[in-house]
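Going down the list, the protein sequences come from chains A and B. So that you can map any letter, position 207 of the first sequence is 226 in my numbering, and since no number is skipped, the others follow by simple counting. So that you can map any letter, position 179 of the second sequence is 1284 in my numbering, and since no number is skipped, the others follow by simple counting.
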Amino acid sequence: MREERGRTILSARDVHKHYGEFCALGGVSFQISEGEFVSIIGPNGAGKTTLINVLTGLLKPNQGKVFFKDREITGIGPEKLSKLGLARSFQLVNIFPNFSVLEFLMVAIVSRLNKGKNFFSSLLRDSKVTGEALEVAQLFGLDEKKDVLTKNLPQGDKKMLDVASAFALHPEVILLDEPTSGVSTSDKNRIMETLVSASKKIGIKSIIQVEHDMDIVFSYSDRIIALHQGKILADGAPKTIEKDEEVVCTVLGQKECFKIFSSISDRKS
Amino acid sequence: MRTWREITSRGNFRIWGLALAGLFLLGLPFWASQFVSYLMLTFFAYAITVIGFNLLFGFTGLLSFGHALFMAAGAYTAAFLTSKFSVLSMEIILVVAVIVSSILAALIGAICVRYIKIYFAMLTLAFGMLFYTFLLKFYYLTGGDEGMRVLRPSLLGFNLSEIPKMQFLTGSYYLYSFVVLAILAFLMWKIVSSPFGLCLRAIRDNPEKAEYLGVSVKRYRWYAFVISGAYAAVGGALLAPAIGQVDPGLTYWTHSGTLVFMTLLGGFENFFGPLIGGIVYIFLQDKVMSLTTYWRFIFGGILAFIVVVAPGGIAGVIGSFVKRRKN
Chain A
20 MREERGRTIL SARDVHKHYG EFCALGGVSF QISEGEFVSI IGPNGAGKTT LINVLTGLLK
80 PNQGKVFFKD REITGIGPEK LSKLGLARSF QLVNIFPNFS VLEFLMVAIV SRLNKGKNFF
140 SSLLRDSKVT GEALEVAQLF GLDEKKDVLT KNLPQGDKKM LDVASAFALH PEVILLDEPT
200 SGVSTSDKNR IMETLVSASK KIGIKSIIQV EHDMDIVFSY SDRIIALHQG KILADGAPKT
260 IEKDEEVVCT VLGQKECFKI FSSISDRKS
Chain B
1106 MRTWREITSR GNFRIWGLAL AGLFLLGLPF WASQFVSYLM LTFFAYAITV IGFNLLFGFT
1166 GLLSFGHALF MAAGAYTAAF LTSKFSVLSM EIILVVAVIV SSILAALIGA ICVRYIKIYF
1226 AMLTLAFGML FYTFLLKFYY LTGGDEGMRV LRPSLLGFNL SEIPKMQFLT GSYYLYSFVV
1286 LAILAFLMWK IVSSPFGLCL RAIRDNPEKA EYLGVSVKRY RWYAFVISGA YAAVGGALLA
1346 PAIGQVDPGL TYWTHSGTLV FMTLLGGFEN FFGPLIGGIV YIFLQDKVMS LTTYWRFIFG
1406 GILAFIVVVA PGGIAGVIGS FVKRRKN
């Protein structure tokens, strides 16, 4: 996604969010352009998920505004947002447990094609819906399990399906809340590779992800935004962030910090 | 030529089973007693109501505890039209019942679907009881606790007032109700297998995720509420001539409880579950009531047993039995 970087597609302006006394976001501003793959990092409680919830319109900020394609979307709610072209996946597995894989994807496609109000037409005879659902399943390597109940899927596949359903909406921007958390290391790279290639095929303009795994953050992102105590600590390309000792130590903790800087000093000597 | 395997495949079995059940029900008045046919007639009215109820409960995940309100709305529409306005055409009665009940359901639903779970159940219960009080207290309009008489309707334009009552009910009216049930059951089958039905199930399973996938959760819940209200109205309007007299008890909360009971007894996870529950409830109630006055005690025990041992209801038990046989 590094090639064309264009106009601003999503921006936050001075966003504040409090939970009672606790300040989860204390004035966050940034702009995300078309073509960017942005990772939001930060220690636990830094406000990452709150930020995603504000960006996707689930939470209304106490102060500040969010814009998507020059349109204010502050607090308009997930349903309208998905229609505008902004989709998300979840940190914790968020599925329809009694649905088969294919049915799950069909929900997204029915919604995108605006067929939800077809009261009397047969879903299974609608070859456009079933066909597109199957295509998405293939894209994410779930086609062989299309008839399996989602609650019986292994953890990695559940996660993949959650992501796949967001992709099935054909959004312009997608927000992924820890797409690889709770998944084995071998699955992590499989998920990342799949979603990068899928987003190229579908034509997704920007990806924003919250991620803890620094290997993944540094190898896939064009840009990293580091949050700490509800404020932006750093915002820049992976190479600049990597060199910023303060950021690395705050975000990654002392152990990682020591590891990275000792390897840098090893290289120097 | 189709192979035997194809003819007996699962989907075909369902069609064969349905065709057999349909023939059985159609032929019932010819060999069963009038009383059994009469009980079956009341079942048809309840069957329509509970398949509508289950769109809301089983498919959308909203438990209404005041659903008898819409049944009563349908029944009172029949009473009003026949005894106050001399409108005897059953087709007009059904259409007006659907319109009245849909308007009521649209208004009540608009408030109720903002809430879920216990809050939804309590709100619907409250509206049911409000309607009960209305029917009871506005006696100059509704006849109060005595209720209203329902005159015999004409069917498809045929005036059948000369035929003896039971012969009418277990004859032409039986057939008429059966056809209405068959049509409405078929339409409901279409609804639950449509894209709309898929969205309802998605809302039941995980409303938050459904919303993120662009499903208008509240609006769809409202649609389901109105549709199920309309179904209950048809059920009520068909029941009214069969019982001949409507009273406020039709919208009392225990009557709503009966609808919940039927659905749980048969199994809300299965399309046909509520139908099985309805038929078993009606015939079992008749049997137990003739044996003891403490029939509610027995039914309470049955309900407790179902919830603890077989939460999938009768359809669930049959389903797991069939699965075991296959393995």
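Note that beta-carbon positions come from the ideal geometry of N, C-alpha and C, so glycine has one too.
Where residue i and residue j are concerned, what is the direct C-alpha to C-alpha distance, given to the nearest angstrom?
{"i": "B/Arg1306", "j": "B/Leu1246", "result": "41 Å"}
{"i": "B/Lys1314", "j": "A/Ile221", "result": "21 Å"}
{"i": "A/Ser141", "j": "A/Ile244", "result": "46 Å"}
{"i": "A/Lys88", "j": "A/Gly94", "result": "15 Å"}
{"i": "A/Phe49", "j": "A/Ile71", "result": "13 Å"}
{"i": "B/Phe1236", "j": "B/Gly1340", "result": "18 Å"}
{"i": "B/Lys1392", "j": "B/Trp1400", "result": "9 Å"}
{"i": "B/Val1218", "j": "A/Lys136", "result": "18 Å"}
{"i": "A/Leu180", "j": "B/Pro1312", "result": "17 Å"}
{"i": "A/Asp33", "j": "B/Ala1337", "result": "52 Å"}
{"i": "A/Thr213", "j": "A/Tyr239", "result": "12 Å"}
{"i": "B/Leu1160", "j": "B/Met1176", "result": "15 Å"}
{"i": "A/Phe109", "j": "A/Lys219", "result": "21 Å"}
{"i": "B/Leu1276", "j": "B/Leu1144", "result": "A small correction: the amino acid at residue 1276 of chain B is Gly; Leu does not occupy that position in the sequence shown. Each residue's alpha carbon lies about 13 Å from the other."}
{"i": "B/Leu1197", "j": "B/Ser1191", "result": "The question names Leu, but residue 1197 of chain B is Ile in the sequence shown. Using only the alpha carbons, I get a separation of about 12 Å."}
{"i": "B/Ile1381", "j": "B/Ala1126", "result": "11 Å"}
{"i": "B/Ala1231", "j": "B/Thr1238", "result": "11 Å"}
{"i": "A/Ser189", "j": "B/Gly1383", "result": "Residue identity differs from the one stated: residue 189 of chain A is His in this sequence, not Ser. Their backbone Cα atoms lie some 45 Å apart in a straight line."}
{"i": "B/Leu1261", "j": "A/Val120", "result": "47 Å"}
What do you reckon, is the C-beta of residue i under 6 Å from a heavy atom of the ligand HEM?
{"i": "B/Ile1197", "result": "For the structure depicted, the ligand HEM is absent and the ligand set is empty, with no information on it obtainable."}
Nearest CA to the CA of residue i: which residue from the options?
{"i": "B/Tyr1151", "options": "B/Val1393, B/Phe1388, B/Leu1408, B/Asn1311", "result": "B/Phe1388"}
{"i": "B/Pro1353", "options": "B/Leu1241, B/Leu1193, B/Gly1171, B/Gly1122", "result": "B/Leu1241"}
{"i": "A/Phe139", "options": "B/Ala1335, B/Leu1380, B/Ala1124, B/Leu1303", "result": "B/Leu1303"}
{"i": "A/Val236", "options": "A/Asp181, A/Gly54, A/Ser58, A/Ala185", "result": "A/Ser58"}
{"i": "B/Gly1334", "options": "B/Gly1371, B/Asp1310, B/Ser1361", "result": "B/Ser1361"}
{"i": "B/Gly1252", "options": "B/Ala1210, B/Lys1189, B/Asn1311, B/Leu1274", "result": "B/Lys1189"}
{"i": "B/Gln1350", "options": "B/Ile1156, B/Ala1184, B/Leu1123", "result": "B/Ala1184"}
{"i": "B/Ala1347", "options": "B/Leu1146, B/Gly1127, B/Trp1121", "result": "B/Leu1146"}
{"i": "A/Lys165", "options": "A/Met125, A/Ile223, A/Lys224", "result": "A/Met125"}
{"i": "B/Ser1169", "options": "B/Tyr1181, B/Thr1154, B/Phe1129, B/Val1413", "result": "B/Thr1154"}
{"i": "A/Glu40", "options": "A/Asn81, A/Glu191, A/Val85", "result": "A/Asn81"}
{"i": "A/Gly61", "options": "A/Glu264, A/Lys258, A/Lys250", "result": "A/Lys250"}
{"i": "B/Met1234", "options": "B/Ala1420, B/Trp1358, B/Lys1428", "result": "B/Trp1358"}
{"i": "B/Ile1296", "options": "B/Ala1329, B/Gly1418, B/Asn1375, B/Phe1135", "result": "B/Ala1329"}
Is residue i close to chain A? Criterion is C-beta to C-beta, closer than 7 Å.
{"i": "B/Met1106", "result": "Since pLDDT at B/Met1106 reaches only 47, below the 50 mark, its modelled position is unreliable, and the value read off the structure follows with that caveat. False, the Cβ-Cβ gap to chain A never drops below 7 Å."}
{"i": "B/Leu1318", "result": "yes"}
{"i": "B/Pro1312", "result": "no"}
{"i": "B/Leu1369", "result": "no"}
{"i": "B/Pro1416", "result": "no"}
{"i": "B/Gly1301", "result": "At residue 1301 of chain B the sequence reads Phe, which differs from the Gly that was named. By this cut-off, B/Phe1301 is an interface position."}
{"i": "B/Lys1323", "result": "no"}
{"i": "B/Ile1120", "result": "no"}
{"i": "B/Lys1222", "result": "no"}
{"i": "B/Ala1307", "result": "yes"}
Give every residue of the same chain whose Cβ lies closer than 8 Å to the Cβ of residue i, excluding the five residues on either side of it in the sequence, and list them in chain order.
{"i": "B/Ile1308", "result": "Thr1165, Gly1166, Ala1315, Val1320, Val1322, Tyr1325, Arg1326"}
{"i": "B/Val1331", "result": "Ser1207, Ala1210, Ala1211, Gly1214"}
{"i": "A/Ile193", "result": "Leu105, Ala106, Arg107, Ser108, Ala185, Phe186, Ser218, Ile223, Ser225, Ile226, Ile227"}
{"i": "A/Ser288", "result": "A caution first: A/Ser288 carries a pLDDT of 49, below 50, which makes its placement in the model too unreliable to give a value."}
{"i": "A/Leu4", "result": "This structure leaves residue 4 of chain A out entirely; chain A is present only between 20 and 288."}
{"i": "A/Ser203", "result": "Gly175"}
Between residue i and chain B, is the shortest Cβ-Cβ distance under 7 Å, so that the two count as touching?
{"i": "A/Lys102", "result": "yes"}
{"i": "A/Glu154", "result": "no"}
{"i": "A/Ser200", "result": "no"}
{"i": "A/Gly135", "result": "yes"}
{"i": "A/Phe87", "result": "no"}
{"i": "A/Glu22", "result": "Residue placement at A/Glu22 is flagged as unreliable, the pLDDT there being 46, under the threshold of 50; a coordinate-derived value is accordingly withheld."}
{"i": "A/Ala127", "result": "yes"}
{"i": "A/Pro97", "result": "yes"}
{"i": "A/Val34", "result": "no"}
{"i": "A/Asn117", "result": "yes"}
{"i": "A/Asn171", "result": "no"}
{"i": "A/Ser140", "result": "yes"}
{"i": "A/Asn208", "result": "no"}
{"i": "A/Leu29", "result": "no"}
Near residue i, what residues of its chain come up, given a Cβ to Cβ distance below 7 Å and the 5 sequence neighbours on each side ignored?
{"i": "B/Tyr1386", "result": "Phe1366, Met1367, Leu1370"}
{"i": "A/Ser200", "result": "Gln110, His231"}
{"i": "A/Val266", "result": "Ala245, Leu252, Ala253, Ile260"}
Take residue i and list the residues in its own chain whose beta-carbon comes closer than 6 Å to its own, dropping the five residues that flank it on each side.
{"i": "B/Ala1178", "result": "Val1205, Ser1206, Leu1209, Ala1338"}
{"i": "A/Glu151", "result": "Ile128"}
- Query: Taking only runs of the alpha helix (DSSP H) that begin and end inside the segment 1184–1258 of chain B, which ones reach a length of at least 4 residues, in chain order?
  - Reply: If you keep only unbroken alpha helix (DSSP H) runs of at least 4 residues inside the segment 1184–1258 of chain B, you get 1195–1217, 1222–1242, 1244–1247.
- Item | Sequence ranges, alpha helix (DSSP H) only - wholly within the segment 1339–1417 of chain B, length at least 4 | Within the segment 1339–1417 of chain B, complete alpha helix (DSSP H) segments of at least 4 residues are found at 1358–1371, 1378–1396, 1400–1414, given in chain order.
- Item | Ranges of the alpha helix (DSSP H) found wholly within the segment 1259–1324 of chain B, counting only runs of at least 4 | Fully contained in the segment 1259–1324 of chain B are the following alpha helix (DSSP H) runs of length 4 or more, in chain order: 1270–1275, 1277–1297, 1300–1310, 1312–1317.
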